[in-house]
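Asks: In this note's numbering, the protein residues as written are 44 to 254.
Backbone N, C-alpha and C define an ideal beta-carbon position, used for all residues, glycine too.
Sharing a structure below in structure tokens format, with a few things to ask.
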């Protein structure tokens, strides 16, 4: 047990010393029926890879879960019809595809506390063991930056659209998992370049503000 913990600790320490810009990331977004991971469901999952500061659009994937029982507000916000649910994939299939990237890519979310809580529950329910090497949250990165600048944070200041706006990134229609995953990937790159100011930036610097 101690050896395992020590091995993980040393691996993490070694990883955190590496450059942000040389890493492989998997940027993930979920569409949900609500905000409570204990009672609401995952409607869809999308992801895209980022390597060497480049968003690899050819790697983008988007899946709708056919196991959703109650769409609630999702059809309004996400444009997903019940017919599309029926033609979707099992959540187990989606999770297994997603987990294949966890060994060699760093996970990125916008508001990881929400999306990762749903994914953790889903992995556990489907008996899929995962241990992400690292999780980065663009929501927390931006929150920390605003606080460091002495700015007051209003209710909507940390939405994906609001965060992107501060970097003059283009406006995208929200509430589609694949669009939001790509938008989050762009935001991550913009944040890293802004924080680095042309200097070296290590993963430890990003994790400090994203956890």
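Measuring CA to CA, which of 69, 107 and 105 is closest to residue 97?
Replies: Taking the chain shown and counting its residues from 1, the one referred to as residue 97 is at position 54. The shortest Cα separation from residue 97 among 69, 107 and 105 belongs to 69.
Asks: Pairing CB atoms from the region 67–82 with CB atoms from the region 222–234, are three or more of them under 8 Å?
Replies: Yes, they touch.
Asks: For the region 176–191 against the region 151–162, do three or more pairs of beta-carbon atoms, one drawn from each stretch, fall closer than 8 Å, so that the two count as touching?
Replies: With a cut-off of 8 Å, the region 151–162 and the region 176–191 count as touching, because enough Cβ pairs lie within range.
Asks: How big is the Cα-Cα spacing for residue 57 and residue 148?
Replies: Taking the first residue of the chain shown as position 1, residue 57 is located at position 14. Taking the first residue of the chain shown as position 1, residue 148 is located at position 105. For residue 57 and residue 148, the distance between alpha carbons rounds to 15 Å.
Asks: Should residue 208 go down as buried or exposed, given a rule of 16 or more other Cβ atoms within 10 Å for buried?
Replies: To locate residue 208, count along the chain shown from 1; it is residue 165. That one is exposed.
Asks: Okay, do the region 226–237 and the region 170–177 touch, 3+ Cβ pairs below 8 Å being the bar?
Replies: Not touching, per the Cβ criterion.
Asks: Please identify the residue among 196, 133, 198 and 191 whose C-alpha is closest to the C-alpha of residue 166.
Replies: Mapped onto the chain shown, residue 166 falls at position 123. Taking only the C-alpha atoms, the option nearest residue 166 is 133.
Asks: Going by the DSSP bridge assignment, what does residue 151 pair with across the sheet?
Replies: Here residue 151 refers to the residue found at position 108 when the chain shown is read from its first residue. BP columns for residue 151 point to 70 and 179.
Asks: Is it true that the CB of residue 247 sits closer than 8 Å to the CB of residue 53?
Replies: Taking the chain shown and counting its residues from 1, one reaches residue 53 at position 10. Taking the chain shown and counting its residues from 1, one reaches residue 247 at position 204. No, the Cβ-Cβ distance between residue 53 and residue 247 is not below 8 Å.
Asks: Drop a sphere of 10 angstroms on the beta-carbon of residue 66, count the other beta-carbons inside from all chains shown, and report buried for 16 or more, exposed for fewer.
Replies: One-based indexing of the chain shown puts residue 66 at position 23. When all chains shown are included, residue 66 counts as buried.
Asks: To the nearest angstrom, how far is it from the Cα of residue 142 to the Cα of residue 135?
Replies: The count along the chain shown starts at 1 and reaches residue 142 at position 99. The count along the chain shown starts at 1 and reaches residue 135 at position 92. So the two alpha carbons sit approximately 10 Å from each other.
Asks: Are the CB atoms of residue 106 and residue 137 nearer to each other than 8 Å?
Replies: Here residue 106 refers to the residue found at position 63 of the chain shown. Here residue 137 refers to the residue found at position 94 of the chain shown. Contact: yes.
Asks: Roughly how many angstroms separate the alpha carbons of residue 119 and residue 242, rounded to a whole number?
Replies: Mapped onto the chain shown, residue 119 falls at position 76. Mapped onto the chain shown, residue 242 falls at position 199. Bear in mind that a pLDDT of 47 at residue 119, under 50, signals an unreliable position, so the model cannot answer this.
Asks: Keeping to the same chain, check which residues put their C-beta closer than 6 Å to that of residue 84; ignore five residues upstream and five downstream.
Replies: Here residue 84 corresponds to residue number 41 of the chain shown, with the count starting at 1. Only 76 and 111 meet the Cβ criterion.
Asks: In terms of residue numbering, what span does the alpha helix (DSSP H) encompassing residue 229 cover?
Replies: As a first step, residue 229 must be located in the chain shown, where it is residue number 186. Run containing residue 229: 220–239, per the alpha helix (DSSP H) assignment.
Asks: Taking buried to mean at least 16 other C-beta atoms within 10 Å of its own C-beta, is residue 92 buried or exposed?
Replies: By 1-based counting over the chain shown, the position of residue 92 is 49. So residue 92 ends up on the buried side.
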